[in-house]
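Trainee: Heads up: the sequence shown runs through residues 5 to 134, numbered per our numbering.
For glycine and all other residues, C-beta sits at the position ideal for the given N, C-alpha and C.
Small disclaimer: the values here were computed from a predicted structure and weren't measured.
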Amino acid sequence: ADAVAALLEGGADPTVRHPHHRHKVPYDLAPTKEVRNAFRRHMATAPDAWDWAAANVPSPLTAEMERAQAEEKKAKERERKKRRDKERKAARVEQEEAAREAAGALEAAAAGEDAAALEELIQRAESLGI
5 ADAVAALLEG GADPTVRHPH HRHKVPYDLA PTKEVRNAFR RHMATAPDAW DWAAANVPSP
65 LTAEMERAQA EEKKAKERER KKRRDKERKA ARVEQEEAAR EAAGALEAAA AGEDAAALEE
125 LIQRAESLGI
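Rendered as structure tokens:
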């Protein structure tokens, strides 16, 4: 990306189509988002330097836009983490409730001395890790 930025600042033409690459422009051949963003950053600083539509550069990218995108990404990650934590807590509460129910049923079956019910409840308790 730094090399592309240096080339663009040095006057390299981003609209030149390369014959060995099916006549594509450099932006279309850029291997990473960071390299494509170097084209977009240069477009933001020099909007009239080239025919950016011919260079297939979709839009300029300013530092302010990058900060906003980074903030949005952080906000989404915080929301994802919050949702994940909430789901984990709900699963833990559900498992604890199931364990309490199983323990209660086990105690009730033991008090009534119903061997079949007791065996079934023991297996259920073991599967819940009680």
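For residue 28, which residues does DSSP report across the bridge?
Mentor: Locating residue 28 in the sequence shown gives position 24, where the first residue counts as 1. Paired residue(s): 22.
Trainee: Tell me the DSSP secondary structure of residue 63 in three-state form.
Mentor: Counting from 1 along the sequence shown, the entry for residue 63 is found at position 59. Note: residue 63 maps to coil in three-state DSSP.
Trainee: Would you identify the three-state DSSP class for residue 36, choosing helix, strand or coil?
Mentor: Counted from its first residue, the sequence shown places residue 36 at position 32. Coil, per DSSP.
Trainee: Just mark residue 27 as buried or exposed, buried being the case when its beta carbon has 16 or more other beta carbons within 10 Å.
Mentor: On the sequence shown, residue 27 is found 23 positions in, with the first residue counted as 1. Classification of residue 27: exposed, given that the 10 Å Cβ count is below 16.
Trainee: Could you check where the alpha helix (DSSP H) with residue 126 kicks off and where it finishes?
Mentor: Taking the first residue of the sequence shown as 1, we reach residue 126 at position 122. Start and end: 119-131.
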